[in-house]
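Peer 1: Under my numbering, the residues of the sequence shown are numbered 171 to 505, in order. Ideal Cβ placement from N, Cα and C applies to all residues, glycine included.
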Amino acid sequence: MRVIKRSILGALTIAGLGFCLATGADAAEKNEETGMSFTYANKVPENQLKEGDFFDLKMEKGQEQVLETELTNLTDQDLIINVSINNATTTGAGVIDYGPSEHPNTENLTYGLTDILKAPASVKLPKNGKTTLKMSLKMPTDSIQGVILGGVQLEQEVDETKTLNESVSINNQYAYVYSVSIRETEELPAFAFESMDTTVEAKSKPIVSLNFSNQAPRIIKEMTVETLVTPKDSEKVLGEQRLEKVKMAPNSVMSIPLDVELDSGEYQTKTTVKVGDESWQWVEDFTIEAEKTDKPAVETSQDATKQNSSWLIIVVIVGLLIVGTGVLYIVIIKN
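1) When every heavy atom of the ligand SAM is checked, does at least one fall within less than 6 Å of the C-beta of methionine 393?
2) Run through the region 245–313 for me and flag every whole beta strand (DSSP E) of 3 or more residues, listed as ranges in chain order.
3) Going by other Cβ atoms of all chains shown within 10 Å of its Cβ, with 16 needed for buried, is tyrosine 268 buried or exposed?
4) Comparing alpha-carbon positions, which option in Thr441, Glu392, Arg388 and Asp433 lies nearest glutamate 410?
5) In whole angstroms, what separates the C-alpha of threonine 111 from that of isoleucine 250?
6) Between glutamate 238 and lysine 304, how many whole angstroms is the CB-CB distance? I'm expecting something under 8 Å.
7) Tell me which residue opens and which closes the beta strand (DSSP E) that glutamine 438 is part of.
8) For arginine 388, is the classification buried or exposed, using 16 other Cβ atoms within 10 angstroms of its Cβ as the cut-off for buried?
9) Serine 404 lies in the beta strand (DSSP E); which residues open and close that run?
10) Could you say which of Asp433, Asn257, Thr280 and Lys391 lies nearest to histidine 273 if we only look at CA atoms?
11) So if DSSP puts asparagine 381 in a beta bridge, which residue, or which two residues, is it bridged to?
12) Is it right to say threonine 280 is buried, meaning 16 or more other beta carbons lie within 10 angstroms of its own, or is it exposed?
13) Below 8 Å, can you find three or more Cβ-Cβ pairs linking the region 282–299 to the region 315–326?
14) Using the rule of at least 16 other Cβ atoms within 10 Å of the residue's Cβ for burial, across every protein chain shown, is asparagine 421 buried or exposed?
15) Using alpha carbons as the reference points, say which of Thr355, Ala360 and Met424 lies closest to alanine 228.
16) Run through DSSP, which three-state label would alanine 362 get?
17) In or out: glutamate 203 buried (at least 16 other Cβ within 10 Å) or exposed?
18) Around the C-beta of tyrosine 344, are 16 or more other C-beta atoms found within 10 angstroms, so that it is buried, or is it exposed?
19) Output the distance between the C-alpha atoms of aspartate 226 and asparagine 217, rounded to the nearest integer angstrom.
20) So, at 7 Å on beta carbons, what are the nonlocal neighbours of lysine 415 in its own chain, with the 5 sequence-adjacent residues on each side left out?
21) Is glutamate 461 helix, strand or coil by DSSP?
22) Measuring only the C-alpha atoms, how far is valine 423 from asparagine 298?
23) By Cβ distance below 7 Å, which residues in the same chain neighbour proline 359 in space, the five residues on each side in sequence not counted?
24) By Cβ distance, which residues of its chain are closer than 6 Å to threonine 394, with the 5 residues on each side in sequence left out?
25) Express the C-alpha separation of proline 376 and glutamate 469 in angstroms, rounding to a whole number.
26) Within its chain, find whatever has a CB closer than 6 Å to the CB of threonine 368; leave out the 5 residues flanking it on each side and keep chain order.
27) From which residue to which residue does the beta strand (DSSP E) around tyrosine 344 run?
28) Per DSSP, which one or two residues make a beta bridge with valine 453?
29) Could you tell me which residues DSSP pairs with glutamine 315 in its beta bridges?
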């Protein structure tokens, strides 16, 4: 019996050591693959307003200019770098997004960065070499007010056929994003905020979102948004949310999910927006329908059923392993 125990222990030790070595090798391989394989550096032109590795340019109406970004390949393989030009938008957390986004801009956005800056969809980056990405900037023939803001995203194209495992693979994709801001004058237009609505989305539980917009072509850098949720025609506060140091892109819409749980009924959001010494207030009505509050109970029941099924499967597997181990142990003893 002593010899059998040592043999089994030795086998388990070898198997465990092999697993650790394999895991370590995979981790090292993944670490190499997930590291950034290229870098970029913008060639800052003379009409740059602020220093930085981004473009902040003062232009004139009708002016044309070529913006250049130098890409450097850090690997010994050719790379394809996909390029996308994006209009700046605002996230629900109060952050300006310069990459591809589903967050909308306002309808009064006359010119976005996508209208005046053009770039190739992709560029080839030779192994251990450099390539200059050239983008064409063409200003409108009529004067613009405020700021045109957006971003450029640089992302390595991934060969989906190359995976670590034929059946299971995890692809980590990384991208660089830098901002591009264009203006003709330092003069900024007046603030212009507009309430849109308060919406309710039915998911596992009703999600209430406050929606408003920055109608002005100017960047909002320091804004406070405070919202109270009350029953309609009542001052009883059911929920309160406050965001500070909020940023908004020019001509963008912000949708803030409110952390509040409500039963079916009619409610209001009472919102105050502050920028410096100025403030704006508005009230929006919204309704939560009965079926939207009933949905979580149904989904919870389904989730519980799935969870019970999962535990049942685990118990059966563990039981079979125990029985199998016991049978093997008896056979070894008899032998």
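Peer 2: This is what the structure holds:
1) Judged by which ligands are present, the structure shown has none, so any question about the ligand SAM falls away.
2) As far as the region 245–313 is concerned, its whole beta strand (DSSP E) runs of at least 3 residues are 249–257, 292–295 and 300–308.
3) buried
4) Thr441
5) With the chain covering only 171 through 505, there is no way to say anything about residue 111.
6) 6 Å
7) 435–445
8) buried
9) Per DSSP, serine 404 belongs to no beta strand (DSSP E) and is neither H nor E.
10) When the alpha-carbon of histidine 273 is set against those of Asp433, Asn257, Thr280 and Lys391, the nearest one is in Asn257.
11) According to DSSP, asparagine 381 bridges with Asp367 and Ser425.
12) exposed
13) Result yes; three or more Cβ-Cβ pairs closer than 8 Å.
14) That one is buried.
15) According to the sequence as given, residue 228 is lysine; it is not alanine. Considering only alpha carbons, the answer is Thr355.
16) coil
17) Its pLDDT being 47, under 50, glutamate 203 is placed unreliably in this model, and the value from its coordinates should be taken loosely. Exposed, because fewer than 16 other Cβ atoms sit within 10 Å of the Cβ of glutamate 203.
18) exposed
19) 8 Å
20) Glu392
21) helix
22) So the alpha carbons of these two residues sit roughly 42 Å apart.
23) Gln315, Gly316, Ala386, Pro387 and Arg388
24) Glu414 and Lys444
25) Confidence at glutamate 469 is low in this model, with a pLDDT of 43, below 50, so the placement of that residue should be treated as unreliable; the coordinate-derived value is given next. So the alpha carbons of these two residues sit roughly 13 Å apart.
26) Leu380, Thr439, Glu454 and Phe456
27) Unbroken run through tyrosine 344: none, as it is neither H nor E.
28) Lys440
29) Partner(s): none; glutamine 315 has no beta bridge.
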